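Final position of the sequence shown in our numbering is 409; the numbers increase by one with none missing.
The structure appears below as structure tokens.
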Amino acid sequence: MLANKNVLLIVSGGIAAEKIPELISKLTSRGCKIRCILTNSGSKFISTDELTKLTRQPTYQEMFFKNKNDKMEHIYLSREADLILVAPATANIIAKIANGIADDLASTTLLANDKPIFIAPSMNVMMWRNHATQVNIKKILEQRVIPIGPESGLLACGEIGEGRMSEPETIVKYIENYFQKSSDLKSLSGHKIIVTSGPTQEPIDPVRFISNRSSGKQGYLIAHTLSKFGAEVVLISGPTSETYPKDIKIIKVETAEEMLEASISELPSSVFISVAAVSDWRVESVPLNKIKKNKMNEINLTLTRNPDILSCVSKAGSLRPNLVIGFSAETENVIKNSKIKLEEKGCDWIVANDVSDGFGHNTNQVHIITKNNIDAWPKLEKSEVALKLSQLIDNFLEKQNNAT
Ligand code: C5P
């Protein structure tokens with residue numbers, strides 16, 4: 006269950022840090038890949054060198070990178086992890102999580118994190134029972150942070166009561182259970198879902214093209230999340246610089262006509278999601294050779310309309326998926342224009358977003374527009390938009406399944 010799982014282990018300053026070598030060895034022997042962040046007080050109990058030796062991975066402690074080409078550790082360390090474990094978790098780091106304090110690499114990573122967080126508290130019994138700590142524990146439960154322990158017993162300070170960090174074996178069991186449960190959560194298995202993503206490129210001649218702005222990130226994250234839900238995902242992608250996961254079927258295309266052909270040939274499917282920024286026009290006649298600029302100061306291109314893939318799939322008769330979702334990037338009148346699109350293209354939902362402040366951000370603020378409803382979502386990470394959308398699709402298919 007733990008094979009190939011990435012755990013980001015944050016070690017804060019408690020005496021229970023002496024159990025960390027045992028914890029790391031239990032996790033790595035089950036195939037887990039561990040990277041550690043050490044707090045300054047954690048480093049009084051265990052060294053970065055020791056953690057690096059045990060995990061065979063670099064250990065991180067400093068917040069600010071030395072040169073501008075270094076990666077932003079507080080972001081990428083959590084993005085690359087499947088789960089974050091804080092062990093031992095002192096009253097101090099719990100207070101930081103509860104109150105959004107980010108004053109070192111560990112707490113900043115926890116604040117910038119998009120993964121489940123487990124904490125294994127470790128402190129004196131009075132610190133644990135202190136009203137402030139208990140308020141903080143309540144707060145972190147609301148943030149869906151999962152505490153493991155603490156246990157009762159003889160504490161390092163000689164007092165007796167709650168505050169002992171759970172044994173490494175117990176912590177490993179919790180983590181195993183978590184991964185077991187999430188692998189059982191394959192509620193979309195048996196459903197094929199087609200996702201189009203990225204821009205299309207329409208050639209002007211063999212070396213030039215016209216295209217749309219699109220990173221392909223949102224489409225890729227949707228495909229990835231749906232595949233985690235157990236769906237058989239086909240991602241039809243225009244040219245992007247995203248690295249696509251190997252467990253998803255990818256069909257790489259360049260033009261709108263190629264994207265249409267790939268989309269139709271993959272039908273039937275349960276769901277079709279058109280995230281791609283399809284070029285509305287293509288050059289009517291593309292010469293075989295490169296157009297030589299020295300022969301002309303001006304060039305007139307005759308553009309012809311590309312097929313609308315979303316409309317074609319929405320109107321595919323018996324091949325029409327049960328749920329067809331379009332995206333709508335607008336710079337003005339977002340809702341009004343998107344409602345018109347929903348009607349004209351014949352899809353079921355439109356995910357509308359305002360792109361007046363540009364492209365390529367990691368966040369998205371969208372409205373989910375259906376025939377009878379408009380739901381405004383807050384500004385979210387693109388990965389969270391993908392998760393919420395996948396949950397919505399899952400609910401829709403489950404309801405439909407129950408109705409038949
Ligand atoms: O018409 P507009 O481009 O604003 O519509 C956006 C939606 O339609 C997106 O879901 C996009 O993927 C889809 N679309 C398409 N084929 C086109 C143009 C847009 O599938 N030729």
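Glycine included, C-beta positions come from ideal geometry on N, C-alpha and C.
A quick note: this is a predicted structure, and the numbers were derived from the prediction, not measured.
Residues near residue i by beta carbon distance below 8 Å, same chain, minus five either side
i	result
K393	W382 and L385
I423	This structure cannot speak to residue 423, because the chain is shown only from 6 to 409.
A338	Just to set this straight, residue 338 is Asn in the shown sequence, not Ala. Closer than 8 Å at the Cβ level, and outside the excluded window around N338, lies no residue.
Q66	I42, L43, T44, N45, S48, T53 and L110
N294	D210 and P211
L82	L13, R40, I42, Y65 and T114
N358	F332, S333, A334, E335, V339, N369, Q370, V371 and H372
DSSP three-state assignment for residue i, whether helix, strand or coil
i	result
W382	coil
L7	coil
E85	coil
C37	coil
I304	coil
I20	helix
I180	helix
L293	coil
L272	coil
I398	helix
I153	coil
G163	coil
R169	strand
V280	coil
R134	helix
P26	helix
T53	helix
T44	coil
T175	helix
T60	helix
Sequence-distant residues of the same chain with beta carbon closer than 6 Å to residue i, five excluded per side
i	result
I99	N141
F332	V280 and V356
S127	G19, A21, P93 and M170
P312	L265
T375	W354
D87	K10 and N11
Neighbourhood of residue i by C-beta, 7 Å cutoff - its chain only, sequence neighbours within 5 removed
i	result
E259	T205, Q206, G243 and P244
S323	none
I80	A117
F214	Q206, E207 and P208
G105	L116
S319	R325, V329, K350, G351 and C352
Q139	none
E181	M6 and L7
Reference residue i; option with closest CA among the options
i	options	result
G163	Q185, S112, M131 and T409	M131
P121	V212, L160 and L13	L13
I209	L306, V16 and K344	L306
E266	L315, T230 and W286	L315
S202	A92, I330, E289 and T114	I330
I410	Q370, N342 and S275	With the chain running from 6 to 409 in the structure shown, residue 410 is simply not present.
N327	H196, A391, K191 and F69	H196
W286	S219, I304, R310 and I296	R310
S219	Q396, R40, Y65 and V283	V283
T33	T368, M264, T57 and T114	T57
E147	I165, A103, H136 and L110	A103
I151	L193, L159, S157 and I89	I89
T53	K257, D380, V16 and L28	V16
C317	I198, R84, I269 and K300	I269
S112	K295, D313, N9 and T44	T44
S187	E389, I379, V390 and L7	L7
V177	F401, E335 and C37	C37
R134	F123, K143, A125 and E167	E167
M68	N299, R61 and E78	E78
S4	L308, N299 and N302	Beyond the ends of the chain as shown, which are 6 and 409, falls residue 4; an answer cannot be given.
L160	V91, G224, Y179 and N129	N129
Chain C contact for residue i (CB, 9 Å cutoff)
i	result
L56	Protein chains in the displayed structure number just one, and chain C is not present.
Uninterrupted alpha helix (DSSP H) stretches inside the segment 186-269 (no shorter than 4 residues): The qualifying runs are 222-233.
Pick out the complete alpha helix (DSSP H) segments inside the segment 87-118, 4 residues or longer, and give them in chain order. Fully enclosed alpha helix (DSSP H) runs of 4 or longer: 96-104 and 110-116.
Which whole runs of the beta strand (DSSP E) in the segment 295-375 are 3 residues long or more, in chain order? Counting only runs of 3 or more, we get 308-310, 328-335, 354-359 and 371-374.
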